[in-house]
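Enquirer: Have a look at this one before I ask anything.
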Amino acid sequence: MSSSEQQRASPGADVFAAGGEVGRDLATVDWAATPLGPPEGWPQSLRTTVSILLSSRFPMWMAWGPQLTFFCNAAYRRDTLGGKYPWALGRPASEVWAEIWDDIGPRIATVLSTGEATWDEGLLLFLERSGYPEESYHTFSYSPVRDDDGSLVGMLCVVSEDTERVIGERRMATLRDLGSDPSVVRTEQEMLAFTSQQLGNNLRDLPFTATYLFDDNGNARLAAATGIPAGHPAVPDSLTVGDPCPAWPVEALARGESPLVDLTGTPFDGIPAGDWPHPPTQALVMPLVQQGSAPYGFLVAALNRYRPLDDSYRGFIELTAGHVATGIASARSYQAQQRRAEDLAELDRAKTAFFSNISHEFRTPLTLIMGPVDELRGRLADADPQIRDELEIIHRNGLRLGKLVNTLLDFSRIEAGRMQAHYEPVDLSAATTDLASVFRSAISRAGLTFEVDVRPLPEPVYLDRGMWEKVVLNLLSNALKFTFDGGIRVSVSAEDRYAVITVADTGVGVAEHEMPRLFERFHRIENVRSRSNEGSGIGLALVQELVGLHRGTIVADSAVGKGTTFTVRLPFGTAHLPKDTPAPANVNSAPPASADPFVQEALRWLPAQAGDEDVREQSPQAPAAESDQRAPNVTASVLVADDNADMRDYLARLLGSAGHRVAVVGDGQAALEAARTGNPELIISDVMMPVMDGLQLVAALRGDPRTAGTPVLLLSARAGQEAAIEGLEAGADDYLFKPFSAAELLARVRANVELSRLRTGHARWRTALIDSLQEAFFVCDEDGAVIEINTAFTDILGFGPEDLPYAPIHPWWPDAVTDSDAHQQVADAFALLTGHTHGSYTIPVTHRDGHRLWASAAFNQVQDPDSGRRVIVGTFRDVTAEHYTVQRESALAALGLRLSRSENLTDALSGVLAELRDLWQASDVVASVFDTSTDPTVTATDPALRWENLSERRRQALLGLRDKPLLTPVTERSSGAGITLEHPHGTMALWIGLGPARPFTEQDETLLALLAGHIGQGLRRIAQIDQQRETALALQRAILGPAQLPSGFAVRYEPATRPLKVGGDWYDTIELPDGRIGIVVGDCVGHGLRAATVMGQLRSACRALLLQDASPAITLRALDRFAALLPGATCATVFCGVLDPETGHLRYSSAGHPPAIIADTDGTTHLLDQGRSHPIGVRPSLSRPEAEHTMPGRATLLLYTDGLIERRRQPLTTGIERATAAIHDGRGTPIEQLATDVMAKLAPAGGYDDDVALLLYRQPGPLELEFPAEATRLAPVRTALRGWLNRVGVDPATAQKVLIAAGEACSNAIEHGHRDNPGRIRLHAAATADDLRLTVVDNGRWKPAQSPANSHRGHGLALMKAFMNHVTVTTGTAGTVIDMQARIVP
Amino acid sequence: MTSTLTLTAGHRPDGAPSLTAVGEIDMSNAETFATVLADAVHRSEKKPLVVDLTAVEYLDSAGLAALFEHAEHIELLSSPLLEPLLTVSGLADLVTIHSQ
């Protein structure tokens, strides 16, 4: 700082001390001229802010005071202020930044008015700090600054300039986009369009561009332009050399210069401005440099007028032009290659087309050469060796030519898109192993090792088998051809989503320069050692095409002298295949490809072996080719079908000599049958045959699952491709035209057999497996037709595979007519089979020889993986023995059950017959017992059947059986079966009537004999039991009570313990000598047999005692003493009474027994509860009371035991009341009916659970008179009736009417009765509470019509009707019944 | 045994001829009754015969038949016991009946 400056410095300028040069310049500002005044007068806030500003190394500027006076620091001066320093210091900010005040003024105003800071990032500002408006970018913040008193007085700006960064990034983006062309190669035009798009995106650095390309004359043509419309004078379409005033300096550019052009002058009027307010003023033109040659053209790049053309800008344009030049170079080079490739392909196609066309023409003469040559080779086998050698040469070359022709045809098919690939899932490992093995012997004969390293693949590969065979065989053949030492190695493995197959050899290898042409058609590598000079150079090309059809790749890796490795990659899955082409695996449908030509060809490369001669000698008559003996020996069972006997013999001899087992048939039908039974490994069939021709045979074979897989080789005299295609389409595996060579036939036989064995290995394994099953196995189609069976099936049913398919109704079904039940069973099972997804059943079936079998089958529905159709797979066992065992056991069990449940012989026999009927579903079963009665006793399933209404035929059958030996079944066809057995009452003949539809088999007879034996034993046992039971019942009845009751009594007895008929309760009536009746009802403790025995003794004792002394009390006392001696008798309760039926007087005594009940006719009821004392035997010494009651006429008496009235959870009185009500309500009911009613009414829900004895008596008892039909008997009858009516309590007038009515009825009977032989008349009279009923019955025969003299008889009937309420007269042959009723009016 | 029947012919206190029956008349003795009745009717000449049935305990249709035969020549002396019978049979409509 100079002293003069020091002097000029204002006092207080120490505020700028920290500011360095800027501070010094600030100090020199004439602050007094500014609104801030001299620094010494500045407020503290300003001073502080200024010192912060000056000490910061970050770019800052500040505006303070009313004019926003400008301050800044050194960093700001350097980065941003530029040429405005130091002029700007102390000036108003709006003056300092006038050019951008429109941008920043409003921001500062906002800060000062709101006190909130602003933030801007990368803001474009056109600063004029270098003498022109400059594109610049700034990131800055304006912060408010406050005065000492806190008021807003200015703002502070912290700023960083981003110009270099922003522009650099923009240019980099353009260069990056130029380099980001996604396509590898494109045409020049495409490349320029892409480039233009990228350049047009940056109109700041490149306001417009134009790309010119030179033509051969050095003239330039506009190829692309950006940012400027086409046709603008600045970018003319062409620039000619020699133009005096070109828009662009063409000639300089052609020399590779890069001139800077000022955009002034006419052509540049109105040029576009790009992204800027004003158009560019200069353009840099860059040549599009071509390596080692004149430039392709040049790039015009208009320049951004707001930036200087510095190194960075120039570099950017150079790089851009370089990109364009590179693009043009690459496009032009690609175009050139493309053209070259197309030329080559065209050549290839022409060559293929040519060969294909002539190949067809070759085939015919080739066949005509090969046939005769073969013939000659056979015929001249012993000829001059020189002749043979020459023939061999012709033969070999013929074969070679044939193979070449076939390959060429393959190509032409591929070219024409006619190669129909049949993709199916194939186990590539297995398929490749099998193919490789075909070559093994040839390779080992060549002295090479052969390694096959095959890994199982995770999934099948979709392949066309035929094509794949060609691929592998070609590669192997190729390897063998060029390998002399070491070996060949084949491997299969999985890698990612590919199956990888390599064929590697240690052969001569391929030179590096030959590698690119390895797969080229017709390209042969010359001057290389090989086993043969043969070769068309087409095999590998075909391999590549075929692999390509599978969307696979093949690459070769080779080194001269080391060997070659071919690697084929095939994708897994089906996604890469054309839609709908993958087919399910089907070993039969793939067209065959014979490995033989390859192997034969390979073998021809190898030296002949000494052993060959021996082989030839072994089959002197066979004109077999030498190659046949060299091949691995394959023998098979071959079926030959030809209608020409000579041809058959020839083929048989030829095939036999090669070791095959040959069967011959004369037509297709015979062949089909032989194929089904014999299951040959190969069928050779002529096409033209009678009955069934070869094509039909193939179709039939393919349609049968058993023969679908058998390979068929068709022979035909019909030459031509169409015939072959027809045969192959029908499903034949191979096709051979006549005449054919023996060698070719044998080779094809072997090839087909081998391939078939490879393919059907699993099928044969399955067949062997199924045939080894002990259970019968069958497969049904959807309709239930049996289409496949195994050996066990035939063993069990007798039906063999020769007649397959067996359509329903299958021949083993039982006959629908003669055995309809069994037939129905099978039909039901069949419905199950075809209608359900799985199940099992047991059915009767008929063996082929007619005998009955039982089969237990189980089945499952499955989807046929080939056809997708539903089939049913089932197995069954012969369960005949088990079936009959079960039938026997269950029949025996059922019979046993029947017999054990039966109470007597009749029951047992009926049950047994029903059981037999059910067992055999018989129409009827009849048993006749030839006992002592006149007619045999018949028991039948039809209960109405008797001997007399049996059919004569059946009678004869039964009579016939009687004389047969016991237990020997007799079967009568279509009628039934019978047997004789022992019935306890005599011989029993048993006949089972069967419908004609139910045969009675041997097993049935055995079963019948067995059952009959059991029935005889069972019946005998039951007879014994029956006897015992009847004895027991008689004994029980004896102890129960009197068989005959006095009239007027009704009783009921219900023992609690079944099947006993007696229990602990009893009732008794004893007719005493004086006409009175002893009545006893008692109840011993407990029930069952034990109580019954006690009861029997007490009853007898009581009876005896009453007869001795007719006093109830005395009787009971005596019983007390008796009971003391009788265990179990104590505590029995007894009601004992003596009734005078004349008077209704009853004397009674009760030993702890429930009271008797009396219901009078007027509805009054009485309980006879007097004369009561302790139960029997409790206090033998105590006396017993007696009571009396007189029953009026028609009163009803009820005696009972507690079983009738005692109910759980009910007082005894409730039961007594219910019994009382029942008697009361039933006093108008006849007592038999009343007894039934009472028992029913009082019965608990589940029946009586205790012994019940019930005794009813109505006073008086009914009157029963029987007397001869004589008039003299009328008076005593009247007397008796009058007395009874009196006891009944009928009034005299009514009694008189009844007497007259009864008298008339009796007179009538006497009158009409037979006088000479008088009949008898019975009169019965009974009373209820309000009703009298009289019945007069005579048994005399009625005399004919009455004489008029006896007309008073008419009065008799009139009187009866007049005096009685209801009169019916029933006259029958046995007599007349007169029934009369009268109501008793109380 | 024949039913007990006693028949006594005589005159009523008023001089009218009478036949008095005591006992039972049924099929076994109706013929006897008919014969005696016919004889009594015959002997009573033109005067009505009074048949006294008050002591008859039983009379059936056979006895009634005999009475019907002479209905025009007889009068009856009856008891309540026989009344329903005579009424029902229709004899009461033909014969004068004197109740006792």
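Protein chains in written order, with numbering that gives the first Met the number 0: chain P, 0 to 1385; chain E, 0 to 99.
Every residue, glycine too, gets a C-beta built ideally from N, C-alpha and C.
#1: Using a Cβ cut-off of 8 angstroms (strictly closer), state whether residue 1354/P contacts chain E.
#2: Could you have a look at residue 1146/P and say whether DSSP puts it in helix, strand or coil?
#3: May I ask which residues mark the beginning and end of the alpha helix (DSSP H) holding residue 1101/P?
#4: Since residue 860/P contacts residue 836/P with CB under 8 angstroms, what's their CB separation in whole angstroms?
#5: Could you work out which residues of chain P lie near residue 87/E, taking near to mean beta carbons separated by less than 7 angstroms?
#6: In chain E, which residues lie less than 7 angstroms from residue 1295/P when you measure between Cβ atoms?
#7: Using beta-carbon positions only, say whether residue 187/P and residue 331/P come within less than 8 angstroms of one another.
#8: Could you work out which residues of chain E lie near residue 1037/P, taking near to mean beta carbons separated by less than 7 angstroms?
#9: Say whether chain E places a C-beta atom closer than 8 angstroms to the C-beta of residue 1270/P.
#10: Measuring alpha carbon to alpha carbon, tell me which of 309/P, 1281/P, 300/P ends up nearest residue 323/P.
#11: Does residue 51/E come within less than 8 angstroms of chain P when only Cβ atoms are used?
#12: Less than 8 angstroms between CB atoms is the rule here; does residue 1318/P satisfy it with respect to chain E?
#13: Taking 8 angstroms as the threshold (beta carbon to beta carbon), is residue 1345/P in contact with chain E?
#14: Compute the beta-carbon to beta-carbon distance between residue 1322/P and residue 1300/P, rounded to the nearest angstrom, for a pair I have assumed lies under 8 angstroms.
#15: My output table needs one value for residue 1219/P: the three-state DSSP class, helix, strand or coil.
#16: In the structure shown, what three-state DSSP assignment does residue 859/P receive?
#17: Rounded to a whole number of angstroms, what is the C-alpha to C-alpha distance between residue 99/P and residue 126/P?
#18: Helix, strand or coil for residue 705/P, going by three-state DSSP, please let me know.
#19: Anyone know if the C-beta pair for residue 128/P and residue 82/P falls short of 8 angstroms?
#20: Over the uninterrupted alpha helix (DSSP H) stretch that includes residue 52/P, give me the two end residues.
#21: State the Cα-Cα distance for the pair residue 1308/P and residue 87/E, rounded to the nearest angstrom.
#22: Can the beta-carbon of residue 1158/P be found closer than 8 angstroms to that of residue 1164/P?
#23: With burial defined as no fewer than 16 other Cβ atoms inside 10 Å of the residue's Cβ, what is the status of residue 1140/P: buried or exposed?
#24: So does the stretch 1094 to 1104 of chain P actually touch the stretch 1208 to 1223 of chain P, counting three or more Cβ pairs closer than 8 angstroms?
#25: Just to confirm the assignment: which complete alpha helix (DSSP H) runs, minimum length 4, are found wholly within the stretch 62 to 100 of chain P?
#26: What are the residues that DSSP puts in a beta bridge with residue 15/P?
#27: Across which residues does DSSP place residue 687/P in a beta bridge pair?
#28: Closer than 6 angstroms by C-beta to residue 1034/P: which residues in its own chain qualify, once you throw out the five before and the five after it? Chain order, please.
#29: Can you find the residues in the same chain that come closer than 6 angstroms, C-beta to C-beta, to residue 641/P, ignoring five residues on each side of it along the sequence?
#30: Nearest to residue 1053/P by CA position, among 896/P, 1229/P, 265/P, 1246/P, is which residue?
#31: By how many angstroms is the C-alpha of residue 554/P removed from the C-alpha of residue 478/P?
#32: Just curious, the alpha helix (DSSP H) that residue 942/P is in, first and last residue?
#33: The alpha helix (DSSP H) spanning residue 62/E covers which residue range?
#34: Considering only C-alpha positions, which residue in the set 229/P, 235/P, 877/P is nearest to residue 218/P?
#35: Output yes if chain E places a C-beta closer than 8 angstroms to the C-beta of residue 1383/P; else output no.
#36: Can you give the Cα-Cα distance for residue 68/E and residue 1274/P, rounded to whole angstroms?
Expert: The relevant details are as follows:
#1: Closer than 8 angstroms: yes.
#2: DSSP places residue 1146/P in strand when its eight states are reduced to three.
#3: Residue 1101/P: member of the alpha helix (DSSP H) spanning 1088 to 1107, first to last residue.
#4: Taking the Cβ atoms as the reference, residue 860/P lies roughly 5 angstroms from residue 836/P, within the contact range of under 8 angstroms.
#5: The contacting residues are 1358, 1361.
#6: Per Cβ cutoff of 7 angstroms: 80.
#7: Residue 331/P is positioned such that its CB atom lies closer than 8 angstroms to that of residue 187/P.
#8: Under the 7 angstroms cutoff, chain E gives no residues; its nearest Cβ is about 41 angstroms from residue 1037/P.
#9: Interface with chain E (8 angstroms Cβ-Cβ cutoff): residue 1270/P is included.
#10: Ranked by how close their Cα comes to the Cα of residue 323/P, the residues 309/P, 1281/P, 300/P have 300/P in first place.
#11: Residue 51/E does not count as touching chain P.
#12: Closer than 8 angstroms: no.
#13: Summary for residue 1345/P: the model assigns pLDDT 49, below 50, so the residue's position carries little reliability; its value from the coordinates is reported in the next sentence. Not one chain E Cβ lies under 8 angstroms of residue 1345/P.
#14: Actually they are not in contact, since the Cβ atoms of residue 1322/P and residue 1300/P sit about 11 angstroms apart, beyond 8 angstroms.
#15: Reduced to three states, the DSSP call for residue 1219/P is helix.
#16: Here residue 859/P sits in strand by DSSP.
#17: So the two alpha carbons sit approximately 7 angstroms from each other.
#18: Three-state DSSP puts residue 705/P in coil, outside helix and strand.
#19: Yes, these two residues count as a Cβ contact at 8 angstroms.
#20: Taken as a continuous stretch (DSSP letters only), the alpha helix (DSSP H) holding residue 52/P covers 43 to 54.
#21: C-alpha separation (whole angstroms): 22 angstroms.
#22: Contact: yes.
#23: With 16 or more other Cβ atoms within 10 Å, it is buried.
#24: Using a Cβ-Cβ distance cut-off of 8 angstroms, the stretch 1094 to 1104 of chain P and the stretch 1208 to 1223 of chain P are not in contact, since fewer than three pairs of beta carbons, one from each stretch, lie closer than that value.
#25: Fully enclosed alpha helix (DSSP H) runs of 4 or longer: 92 to 95.
#26: Residue 15/P is not bridged to any residue.
#27: For residue 687/P, DSSP assigns no beta-bridge partner whatsoever.
#28: Here the set comprises nothing.
#29: Excluding residues within five positions, the ones whose Cβ falls inside 6 angstroms are 647, 685.
#30: Closest by alpha carbon: 1246/P.
#31: If I take the Cα positions, the gap works out to 15 angstroms.
#32: Unbroken run through residue 942/P: none, as it is neither H nor E.
#33: That run of the alpha helix (DSSP H) goes 60 to 68.
#34: For residue 218/P, the closest alpha carbon among the candidates 229/P, 235/P, 877/P is that of 235/P.
#35: Interface criterion not met: the Cβ of residue 1383/P is under 8 angstroms from no Cβ in chain E.
#36: One C-alpha to the other measures close to 24 angstroms.
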